[in-house]
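Numbering (my numbering), first residue to last: -18 to 96.
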């Protein structure tokens, strides 16, 4: 009875990579990473963080707290930039589109993280 109890237990790595792992490895299609995760999701996240920082300043919260709220999306911005960059390397379409995706996402990440 005990031997049957452990027959379905698996050891080792999870066979299907997570979305985060796939994004980091550049395994998600460039169009999806660029539009869904960088331009739409990233912009929305940065707008929310900026509004939160402005609200904190308007409420006379400590400036460091507002700055922290504003800076919260920076790790996400860098992660998505790497994901776009790596997905562009795997892109099988026109090289110009892959390069444009890289350049635009770099400009976006810098602007979103500093403005």
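From the three backbone atoms N, C-alpha and C, an ideal C-beta is built for every residue, glycine too.
Can you list, in chain order, the residues of its chain whose CB lies under 6 Å from that of residue i, leaving out five sequence neighbours each side?
| i | result |
| --- | --- |
| residue 33 | 50 |
| residue 38 | 47 |
| residue 18 | 61 |
| residue 14 | 64, 65, 68 |
| residue 90 | 58, 62 |
Below 8 Å CB to CB, which residues in the same chain sit around residue i once its five sequence neighbours on both sides are set aside?
| i | result |
| --- | --- |
| residue 70 | 7, 79 |
The ligand SAH heavy atoms versus the CB of residue i: any closer than 8 Å?
| i | result |
| --- | --- |
| residue 14 | This structure lacks the ligand SAH, and indeed carries no ligand of any kind. |
By Cβ distance, which residues of its chain are closer than 7 Å to residue i, with the 5 residues on each side in sequence left out?
| i | result |
| --- | --- |
| residue 57 | 23, 26 |
| residue 66 | 83 |
| residue 30 | 50, 51, 53, 54 |
Rounding to the nearest angstrom, what Cα-Cα distance links residue i and residue j in this structure?
| i | j | result |
| --- | --- | --- |
| residue 40 | residue 72 | 46 Å |
| residue 87 | residue 12 | 15 Å |
| residue 0 | residue 36 | 33 Å |
Which residue from the options puts its Cα closest to that of residue i?
| i | options | result |
| --- | --- | --- |
| residue 94 | 43, 55, 45 | 55 |
For the alpha helix (DSSP H) that contains residue i, what are its first and last residues?
| i | result |
| --- | --- |
| residue 91 | 76 to 95 |
Any beta carbon of chain D sitting closer than 9 Å to that of residue i?
| i | result |
| --- | --- |
| residue 9 | Checking the listed chains, one finds no chain D in this structure; it contains a single protein chain. |
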